[in-house]
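Report on the structure given below.
There are 2 protein chains.
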Amino acid sequence: MELDEGKQKFIQSWGTLGSHWGINRTMAQIHALLLIANRPYSANDIKEELNISMGNTNMNIRALIDWGLVYKELKPGERKDFFVAEKDMWEVVKRIITQRKKKELEPMLRVLEDVSKVQGEDADTEEFKKVVQDIKLFSSKADSALDNLIKADSNWFIGTFMSMIK
Amino acid sequence: MELDEGKQKFIQSWGTLGSHWGINRTMAQIHALLLIANRPYSANDIKEELNISMGNTNMNIRALIDWGLVYKELKPGERKDFFVAEKDMWEVVKRIITQRKKKELEPMLRVLEDVSKVQGEDADTEEFKKVVQDIKLFSSKADSALDNLIKADSNWFIGTFMSMIK
DNA sequence: TTGAGTTTTCAAAATTTATTGAAAAATAAT
DNA sequence: ATTATTTTTCAATAAATTTTGAAAACTCAA
């Protein structure tokens, strides 16, 4: 396989994978491109390489920076901004967990808290409260577990999980 | 808060959450409805309750059954099929992990395996191979860890993770 | 075997989400 | 202050995904 074909395949697959992880396809493709880049890329480099508009490039670079998956790098004497990817996979996963926890798990916990206040003593209400309580308990456990995971350092995590792999 | 309002809120939120987890909104809403139901529901009950078409109802029920999140229940003397939700949250999470592993992680591993075969000795190729190798290693570790997680039983998991929460 | 009830299929329509492109704003060298 | 370059914004457009609805297939009792 040629390098260009390999790069192309990797970028496409990373894009598809990302789109299932709350990262849209272009956003993930930019991340993929920067992952396999051996130098910082300007927004224009990225635009050219992926054949996308400047607006799209700009919005997704900023989203990536916001998620902590890409860093801005200033080259002395250069007017343009340059960008590099976070390449430590555990760091990448941690950043994604952090974002999704904030955007999904935490709002869900608030809703569960809220709806657990329903009035009534009938069987339907009791069943509803029971289910909500169960999910609330599970979710807050997951929330704490994820917090700990994120706080823990890379090696500790790998170590703990490796011991699980037998 | 009234029970109906609470149910409605819960169904909507579960729908939104699901849509970030590879489960489309309707599919997650059906699951939510069945979670808080205190009896089996027919496809028609679901259609009526959520105000969706029969086609949509049918497709999403089958997807839920395929994912192992809903079970078909036959009532003696009844012609219709009835459905109940898997209510054990850890079981739900395991099923989702299983599906997503199959649909996302495993294809990615195959692509990584494939593209790691690129030809060439130059710096670009070396950088590419290095990144791919790193991701491949991380991904296969994650894959094994998830396998173990799925195999392990509910209490073992909760126990292990609780000890992490301090 | 017929036919009422039920489930499945799938092309077309509706909805949601992502992308473009052009204009405006910011930046920094002259 | 002027101008060339780069970045940002956002309404319009395009693409992708979901939902519908109507027809076909299936199921089972009579």
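Protein chains in written order, with numbering that gives the first Met the number 0: chain A, 0 to 165; chain B, 0 to 165.
Ideal placement from N, C-alpha and C gives every residue a C-beta, glycine not left out.
Does the separation of the CB atoms of A/T40 and A/F81 fall below 8 angstroms?
Along the first sequence, one-based indexing puts residue 40 of chain A at 41. Along the first sequence, one-based indexing puts residue 81 of chain A at 82. Going by the sequence as given, residue 40 of chain A is Tyr instead of Thr. Less than 8 angstroms separates the beta-carbon of A/Y40 from that of A/F81.
In this structure, how does DSSP classify A/I164 when only helix, strand and coil are distinguished?
If you number the first sequence from 1, residue 164 of chain A lands on position 165. Unreliable positioning characterises A/I164 in this predicted model, as indicated by a pLDDT of 48, which lies under 50. A coordinate reading is not provided.
Pull up the CB-CB distance for A/G5 and B/V117, whole angstroms please, since I reckon it's below 8 angstroms.
Position 6 of the first sequence holds residue 5 of chain A. Position 118 of the second sequence holds residue 117 of chain B. Correct: roughly 4 angstroms between the Cβ atoms.
Would DSSP call B/E72 helix, strand or coil?
Your numbering for residue 72 of chain B matches position 73 in the second sequence. Strand.
Please go through the same chain and pick out, in chain order, the residues whose beta-carbon is closer than 8 angstroms to the beta-carbon of B/Q28, but skip the five residues on each side of it.
Sequence index remark: in the second sequence, residue 28 of chain B carries index 29 (1-based). Within the same chain, B/Q28 has close Cβ partners I10, Q11, W13, G14, G17 and L49.
Any chance you could list the beta strand (DSSP E) runs of at least 3 consecutive residues sitting entirely within the stretch 74-162 of chain A, in chain order?
Listed in chain order, the beta strand (DSSP E) elements of length 3 or more contained wholly in the stretch 74-162 of chain A are 80-84.
8 angstroms Cβ shell around B/V69 - same chain, five flanking residues per side excluded:
Translated into positions along the second sequence, residue 69 of chain B becomes position 70. Counting only Cβ-Cβ distances below 8 angstroms, and skipping sequence neighbours, we find I29, H30, L33, I60, L63, F82, V83, A84 and E85.
Step through the CB atoms of chain A and report whether any lies within less than 8 angstroms of the CB of B/I164.
Locating residue 164 of chain B in the second sequence gives position 165, where the first residue counts as 1. Legend: pLDDT at B/I164 = 47, less than 50; position of this residue unreliable, no value from coordinates given.
Determine which residues share a DSSP beta bridge with B/S41 and list them.
Mapped onto the second sequence, residue 41 of chain B falls at position 42. B/S41 pairs with B/F81.
Would you say A/I134 and A/L104 are within 8 angstroms of each other, going by their C-beta atoms?
Your numbering for residue 134 of chain A matches position 135 in the first sequence. Your numbering for residue 104 of chain A matches position 105 in the first sequence. No, the pair does not count as a contact, with Cβ atoms beyond the cut-off.
Residues of chain B with CB under 8 angstroms from A/K86, in chain order?
Working through the first sequence from its first residue, we reach residue 86 of chain A at position 87. Correct list: V130 and D133.
What number of angstroms, rounded off, separates the C-alpha of A/M0 from the C-alpha of A/K46?
Stepping through the first sequence from its first residue, residue 0 of chain A is reached at position 1. Stepping through the first sequence from its first residue, residue 46 of chain A is reached at position 47. Using only the alpha carbons, I get a separation of about 25 angstroms.
Any chain B beta carbon closer than 8 angstroms to A/S12:
Here the question's residue 12 of chain A lines up with position 13 in the first sequence. It does; some Cβ of chain B falls within 8 angstroms.
Nearest-angstrom Cα separation, counted from A/M53 out to A/N43:
If you number the first sequence from 1, residue 43 of chain A lands on position 44. If you number the first sequence from 1, residue 53 of chain A lands on position 54. Distance between the alpha carbons of A/N43 and A/M53: 7 angstroms.
Taking C-alpha atoms, which residue in A/M58, A/I51, A/W66 and A/R24 lies nearest to A/K101?
Position 102 of the first sequence, counting from 1, holds the residue named residue 101 of chain A. Considering only alpha carbons, the answer is A/W66.
Going along chain B, which residues have a C-beta under 7 angstroms from A/F127?
For the purposes of this step, residue 127 of chain A is taken as the residue at position 128 of the first sequence. Here the neighbours are L2, G5, K6 and I35.
Can you tell which of A/T56, A/R38, A/H19 and A/W89 has the C-alpha that lies nearest to the C-alpha of B/S139?
Position 140 of the second sequence holds residue 139 of chain B. Answer by Cα proximity: A/W89.
Between which two residues does the alpha helix (DSSP H) carrying A/S18 extend?
In the first sequence, counting from the first residue as 1, residue 18 of chain A sits at position 19. Looking at the DSSP string, the run of the alpha helix (DSSP H) that includes A/S18 is L2 to S18.
With a CB to CB cut of under 7 angstroms and the five nearest residues on each side skipped, what residues in its chain are close to A/K71?
In the first sequence, the residue the question calls residue 71 of chain A occupies position 72. Around A/K71: I64, D80 and F82.
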